[in-house]
Amino acid sequence: MINITLPDQTIREFPSGITGMEIAQSISEGLARNVLSITVNGEVMDLNRPITTDAAIKLNTWDDKDGKATMWHSSAHIMAAAIEELYPGTKFGIGPDVENGFYYDIDLGDKSISSNDFSEIEDKILEIARRKEPFIRTDIPKNEALEFYRAKGDEYKVDLISDLEDGTISFYKSGHFTDLCRGPHLVDTSPIKAVKLLNTAGAYWRGDESRKQLTRVYGITFPKQKMLKEYLEMLEEAKKRDHRKIGRELELFAFSAKVGQGLPLWLPKGAELRENLEKFLKKVQRKAGYQPVISPHIGNKNLYITSGHYDKYGEDSFQPISTPSEGEEFFLKPMNCPHHCEIYKIKQYSYKDLPVRLAEFGTVYRYEQSGELHGLTRVRGFTQDDAHIFCRPDQVKEEFIAVIDIVLHIFRALDFNDYSVQISLRDPVNKEKYIGSDENWEKAEKAIIEATREKGLSAEVVTGEAAFYGPKLDFMVNDALGRKWQLGTIQVDYNLPDRFELEYIGSDNQKHRPVMIHRAPFGSLERFVAVMIEHYAGNFPLWLTPDQAIILPISDKYADYAKKVLNLLNNYEIRTLIDERSEKTGKKIRDAETRKIPFMLIVGEKEEAGETVSVRKHGEGDLGSFSIEEFVKMVEDEVNRLLQ
RNA sequence: GCCGAUGUAGCUCAGUUGGUCAGAGCAGCUGAUUUGUAAUCAGCUGGCCGGGGGUUCGAAUCCCUCCAUCGGCUCCA
Numbered sequence: 000m001i002n003i004t005l006p007d008q009t010i011r012e013f014p015s016g017i018t019g020m021e022i023a024q025s026i027s028e029g030l031a032r033n034v035l036s037i038t039v040n041g042e043v044m045d046l047n048r049p050i051t052t053d054a055a056i057k058l059n060t061w062d063d064k065d066g067k068a069t070m071w072h073s074s075a076h077i078m079a080a081a082i083e084e085l086y087p088g089t090k091f092g093i094g095p096d097v098e099n100g101f102y103y104d105i106d107l108g109d110k111s112i113s114s115n116d117f118s119e120i121e122d123k124i125l126e127i128a129r130r131k132e133p134f135i136r137t138d139i140p141k142n143e144a145l146e147f148y149r150a151k152g153d154e155y156k157v158d159l160i161s162d163l164e165d166g167t168i169s170f171y172k173s174g175h176f177t178d179l180c181r182g183p184h185l186v187d188t189s190p191i192k193a194v195k196l197l198n199t200a201g202a203y204w205r206g207d208e209s210r211k212q213l214t215r216v217y218g219i220t221f222p223k224q225k226m227l228k229e230y231l232e233m234l235e236e237a238k239k240r241d242h243r244k245i246g247r248e249l250e251l252f253a254f255s256a257k258v259g260q261g262l263p264l265w266l267p268k269g270a271e272l273r274e275n276l277e278k279f280l281k282k283v284q285r286k287a288g289y290q291p292v293i294s295p296h297i298g299n300k301n302l303y304i305t306s307g308h309y310d311k312y313g314e315d316s317f318q319p320i321s322t323p324s325e326g327e328e329f330f331l332k333p334m335n336c337p338h339h340c341e342i343y344k345i346k347q348y349s350y351k352d353l354p355v356r357l358a359e360f361g362t363v364y365r366y367e368q369s370g371e372l373h374g375l376t377r378v379r380g381f382t383q384d385d386a387h388i389f390c391r392p393d394q395v396k397e398e399f400i401a402v403i404d405i406v407l408h409i410f411r412a413l414d415f416n417d418y419s420v421q422i423s424l425r426d427p428v429n430k431e432k433y434i435g436s437d438e439n440w441e442k443a444e445k446a447i448i449e450a451t452r453e454k455g456l457s458a459e460v461v462t463g464e465a466a467f468y469g470p471k472l473d474f475m476v477n478d479a480l481g482r483k484w485q486l487g488t489i490q491v492d493y494n495l496p497d498r499f500e501l502e503y504i505g506s507d508n509q510k511h512r513p514v515m516i517h518r519a520p521f522g523s524l525e526r527f528v529a530v531m532i533e534h535y536a537g538n539f540p541l542w543l544t545p546d547q548a549i550i551l552p553i554s555d556k557y558a559d560y561a562k563k564v565l566n567l568l569n570n571y572e573i574r575t576l577i578d579e580r581s582e583k584t585g586k587k588i589r590d591a592e593t594r595k596i597p598f599m600l601i602v603g604e605k606e607e608a609g610e611t612v613s614v615r616k617h618g619e620g621d622l623g624s625f626s627i628e629e630f631v632k633m634v635e636d637e638v639n640r641l642l643q
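If you use numbering that gives the first Met the number 0, the first sequence corresponds to residues 0 to 643, in order.
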């Protein structure tokens, strides 16, 4: 007999060799019907694998992440089986589950699949699912496995197996389709009740640009038809929040092919929004001891040779601008840090002067690959809320923590709760990608890890994601469709101070090298605004929104009073418009609601007589009659409440 | 950059197998209306059907190419 510990810590005795499915059946009929996989001592396994030792287990259903993962992983196999039936000769790469569904990378030879073919494949998947094909696991010695795929002519699987350690390799067979796979899988295909193929994409074999591009087919499955319907509705809703759509509707920004792709044009409303954000951050930074600086949009090639950017990115940048007579070469500024290093060098600093914090909303230009451009989140010209802190080595941790505080303060003010934190370290096996000594890197990475721990942030550590000059702490958020974007970033850098030979005079009257912290809480204003638009679905907080109120006169007769109200509100610095069209009030309200203006002030006979406004709040409705002073106070109170 | 898809008025979209197929709604303009909490009525303007080339008696529709956009991949200082 073995002891099985259930998630509620109760321990039950079972005969050795019992399976997950049998345990589920012993608990309840319903659980047995819904269970998808089992986690045994932290490892997700097939429900029909015997358990032979004492173990802590968890039975995973659709409501568990691991249950969904098992379902989707198995679905990928079924999709592959369907594709193999419909497109004989297809070769298969990898087919994992992902956050929302699964994909399979396939090589169709000279054939291709497009969304027109999806319904045929979906039907075939459901047909296989209904056959209730069991997933049968077999372990095969490595050389036999290689033989199997060599005979089949599937070079991708041969490639995968060749990289595996010698020994036995597990395979799963369902119906006619056998796949190299670690598992785990469903007991059989029957839980798959609804399927939707989402899109196809090109994907390089093993993520390597120099290798062949396979066709990646994305799909998602559900145990109930209704869930698929809900998922598709959710996707539709998410699309409504897309910043590209709202940006057009609210006239925030636009692109022009004539100006150039990836070069955003900020329209008046968008510029207002952005300026409000900038004002907010400038205030925060001034309080935190930052000094504004301004540097030009281009810089001499030598500047970037010194910084190392030329070596690293010179080839992939906008190509240099040459002066007509001297042939001197200049680059469009891709980074502010080299300029800020030179600003630091203008003056001699004592150890008592540090830290020096130089801040600039610096617009930078980077040649992003055309296929990478995406609305405002990935552009070729953007403005960083950049600053560089030059400090003594003993100040690094304290300064780093202060920056984390600024980022968190900003996220809190903007109601961004759903972010993740990532520590990006150097890839220790590919050191040639980076500049600087091992010693400097170790110090920098240690500083980030310690500061993050001290702030109690739970950060994911990813190696190989560091900048070429130093490790980073990145703040990531998801967009409406779940795509991850990096916003704030804080980087510790011992290398650029070396390259620029930055110095300060220590208490020992000797020259010392400062440490640099690169930091940008928003990251890029463009990207930040994009994410903000999606976060608020265009309903910005009152202090940020371009237009805070709109006055709606009932008829032309009250135009004079409306203008009087406008003047009063302007004096109180409430951003206010008037809708003077000879439209009915209902129409004016509708249009103001569509424009997502927070307050509508309706003025007619009563209001003029009583020196009041009738206030309607966006999305909420009529709030009743207010004197101008009362309304102003309400606006100010709300702004203060949001910004405190 | 790569794979795939898309591109019709400012916006959202119709346009059957190439043959009155250049349309609708909203927006805009003009006029009427003077309006009380999500759409007043009427009239009108507006498009080289992304650009260029080709096939055809004839192309929004088929082919080639370029550009842009969308979904991914790769990249992201």
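Cβ atoms here follow ideal geometry from the backbone N, Cα and C, with glycine treated the same way.
Fair warning: this is a prediction, and the values are worked out from it, not measured in the lab.
- Message: Report the CB separation of N79 from T4 in whole angstroms; it is logged as a contact under 8 Å.
- Response: By 1-based counting over the first sequence, the position of residue 79 is 80. By 1-based counting over the first sequence, the position of residue 4 is 5. Checking the sequence, you will find Ala at residue 79 rather than Asn. 36 Å between Cβ atoms; not a contact.
- Please determine if the segment 480 to 494 and the segment 518 to 527 are in contact, where contact requires at least 3 C-beta pairs separated by less than 8 Å. Counting Cβ pairs under 8 Å, three or more are found: they touch.
- Going by alpha carbons, who is nearest to T85 out of G100, D63, D116? Sequence index remark: in the first sequence, residue 85 carries index 86 (1-based). It is worth fixing the name first, because residue 85 is Leu in this sequence and not Thr. Across the set G100, D63, D116, the C-alpha of D116 shows the shortest separation from the C-alpha of L85.
- Kindly indicate the opening and closing residues of the alpha helix (DSSP H) around H76. The residue you call residue 76 lines up with position 77 of the first sequence. Counted as a single uninterrupted DSSP element, the alpha helix (DSSP H) harbouring H76 occupies residues 64 to 85.
- Message: With H, G and I counted as helix, E and B as strand and the rest as coil, what does DSSP make of A465?
- Response: Here the question's residue 465 lines up with position 466 in the first sequence. Correct three-state label for A465: coil.
- Work out the CA separation of I120 and R129 for me, nearest whole Å. Numbered from 1 along the first sequence, position 130 holds the residue referred to as residue 129. Numbered from 1 along the first sequence, position 121 holds the residue referred to as residue 120. Cα to Cα, the separation comes out at about 14 Å.
- Ignore the nearest five residues each way along the sequence and tell me which others in I400's own chain have a CB closer than 8 Å to its CB. On the first sequence, position 401 is the one that residue 400 refers to. Once the five neighbours on either side are set aside, the close Cβ partners of I400 are A450, E453, K454.
- Cutoff 6 Å; reference A536; Cβ partners in own chain excluding five residues on either side: Translated into the one-based positions of the first sequence, residue 536 becomes position 537. Cβ neighbours of A536 beyond the five flanking positions: R240.
- Distance between beta carbons of A558 and I596, contact taken as under 8 Å: On the first sequence, residue 596 is found 597 positions in, with the first residue counted as 1. On the first sequence, residue 558 is found 559 positions in, with the first residue counted as 1. The Cβ separation is near 19 Å, so there is no contact.
- Query: First and last residue of the beta strand (DSSP E) that includes N2?
  - Reply: Here the question's residue 2 lines up with position 3 in the first sequence. Per DSSP, the unbroken beta strand (DSSP E) holding N2 starts and ends at 1 to 4.
- Do you know how far the Cα of F279 is from the Cα of F625? Taking the first residue of the first sequence as 1, we reach residue 625 at position 626. Taking the first residue of the first sequence as 1, we reach residue 279 at position 280. Each residue's alpha carbon lies about 29 Å from the other.
- Message: Bridge partners for S349 per DSSP, in chain order?
- Response: Taking the first sequence and counting its residues from 1, the one referred to as residue 349 is at position 350. Looking at the DSSP output, S349 sits in a beta bridge with I504.
- F252 and P263 look like a contact to me (Cβ under 8 Å); what is the Cβ gap, rounded to whole Å? By 1-based counting over the first sequence, the position of residue 252 is 253. By 1-based counting over the first sequence, the position of residue 263 is 264. Taking 8 Å as the upper bound for CB-CB distance, F252 and P263 are in contact here, some 5 Å apart.
- Item | Three-way DSSP call (helix, strand, coil) for Q318 in this model | The sequence position of residue 318 within the first sequence is 319, counting from 1. Reduced to three states, the DSSP call for Q318 is coil.
- Nearest CA to the CA of P183: which residue from A358, Y171, I293? By one-based count along the first sequence, residue 183 stands at place 184. Residue Y171 is the option with its Cα nearest to P183.
- Message: Does D393 pass the burial test, meaning 16 or more other C-beta atoms within 10 Å, or should it be called exposed?
- Response: Here residue 393 refers to the residue found at position 394 when the first sequence is read from its first residue. So D393 ends up on the exposed side.
- Message: On the DSSP letters alone, give me the boundaries of the beta strand (DSSP E) that L213 sits inside.
- Response: Locating residue 213 in the first sequence gives position 214, where the first residue counts as 1. Going by DSSP, L213 is part of the beta strand (DSSP E) stretching over 212 to 221.
- Message: Rounded to whole angstroms, what is the Cα-Cα separation between P354 and C390?
- Response: As a position in the first sequence, residue 354 is number 355, starting the count at 1. As a position in the first sequence, residue 390 is number 391, starting the count at 1. Computed Cα separation, rounded: 4 Å.
- Three CB pairs or more closer than 8 Å across the segment 105 to 113 and the segment 89 to 97: Output reads yes: the segment 89 to 97 touches the segment 105 to 113.
- Item | Run of the alpha helix (DSSP H) containing Y312, from where it starts to where it stops | Counted from its first residue, the first sequence places residue 312 at position 313. Its alpha helix (DSSP H) spans residues 308 to 312.
- Query: Taking just the CA atoms, how far does V258 sit from S369?
  - Reply: Residue 369 sits at position 370 when you count from the first residue of the first sequence. Residue 258 sits at position 259 when you count from the first residue of the first sequence. If I take the Cα positions, the gap works out to 15 Å.
- Message: Pop quiz: H296 and K344 are said to be a contact at Cβ under 8 Å. What is the actual Cβ separation, rounded to whole angstroms?
- Response: What you label residue 296 is simply residue 297 of the first sequence in a count that begins at 1. What you label residue 344 is simply residue 345 of the first sequence in a count that begins at 1. No, H296 and K344 are not in contact; Cβ-Cβ is about 20 Å, not under 8 Å.
- Using CA coordinates, which residue listed in L185, Y303, H517, D162 is at the minimum distance from Y289? Translated into the one-based positions of the first sequence, residue 289 becomes position 290. Comparing Cα positions, the closest option is H517.
- Per DSSP, what kind of secondary structure is N59 in: helix, strand or coil? Residue numbering aside, residue 59 sits at position 60 when the first sequence is read from its first letter. DSSP places N59 in strand when its eight states are reduced to three.
- How about the segment 373 to 381 and the segment 526 to 541: do they share at least three Cβ pairs that are nearer than 8 Å? Counting C-beta pairs closer than 8 Å gives three or more between the segment 373 to 381 and the segment 526 to 541, which meets the contact rule.
- Might you give, ordered along the chain, the residues of its own chain that have their beta carbon closer than 6 Å to the beta carbon of G307, omitting 5 neighbours on each side? Indexing the first sequence from 1 puts residue 307 at position 308. Once the five neighbours on either side are set aside, the close Cβ partners of G307 are I434.
- Query: With C-beta atoms as the reference, is D417 less than 8 Å away from V461?
  - Reply: Counted from its first residue, the first sequence places residue 417 at position 418. Counted from its first residue, the first sequence places residue 461 at position 462. Their beta carbons are not under 8 Å apart, which means D417 does not touch V461 by this criterion.
- Message: Just to confirm before moving on: does the CB-CB distance between E464 and S423 stay below 8 Å?
- Response: For this step, residue 464 is matched to residue 465 along the first sequence. For this step, residue 423 is matched to residue 424 along the first sequence. Cβ distance < 8 Å, so E464 and S423 count as in contact.
- Item | Inter-residue spacing [alpha-carbon to alpha-carbon] between E232 and L568 | On the first sequence, residue 232 is found 233 positions in, with the first residue counted as 1. On the first sequence, residue 568 is found 569 positions in, with the first residue counted as 1. Their Cα atoms are separated by approximately 42 Å.
- Below 8 Å, can you find three or more Cβ-Cβ pairs linking the segment 208 to 217 to the segment 492 to 510? No, because fewer than three Cβ pairs between the segment 208 to 217 and the segment 492 to 510 fall closer than 8 Å, the two stretches do not touch.
- Starting from V406 and walking both ways along the alpha helix (DSSP H), at which residues does that stretch end? Taking the first residue of the first sequence as 1, we reach residue 406 at position 407. Unbroken alpha helix (DSSP H) run through V406: 395 to 412.
- For Y366, which three-state DSSP category applies? As a working mapping, residue 366 is identified with position 367 in the first sequence. Coil, per DSSP.
- Item | From W204, L375, D352, P496, residue whose alpha carbon lies closest to that of I644 | Since the displayed the chain opens at 0 and closes at 643, residue 644 lies outside it and no answer follows.
- Reduced DSSP category for F176 - H, G, I as helix; E, B as strand; rest coil: Here residue 176 corresponds to residue number 177 of the first sequence, with the count starting at 1. In the structure shown, F176 sits in a strand (DSSP, three-state: E or B).
- Query: Do you know how far the Cα of H373 is from the Cα of L179?
  - Reply: Against the first sequence, residue 179 aligns to sequence position 180. Against the first sequence, residue 373 aligns to sequence position 374. The alpha-carbon atoms of L179 and H373 are separated by roughly 36 Å.
- Within its chain, find whatever has a CB closer than 8 Å to the CB of G100; leave out the 5 residues flanking it on each side and keep chain order. The sequence position of residue 100 within the first sequence is 101, counting from 1. For G100, where only same-chain residues beyond five positions count, the Cβ hits under 8 Å are W71, S74, L197, Y217, G218, I219, T220.
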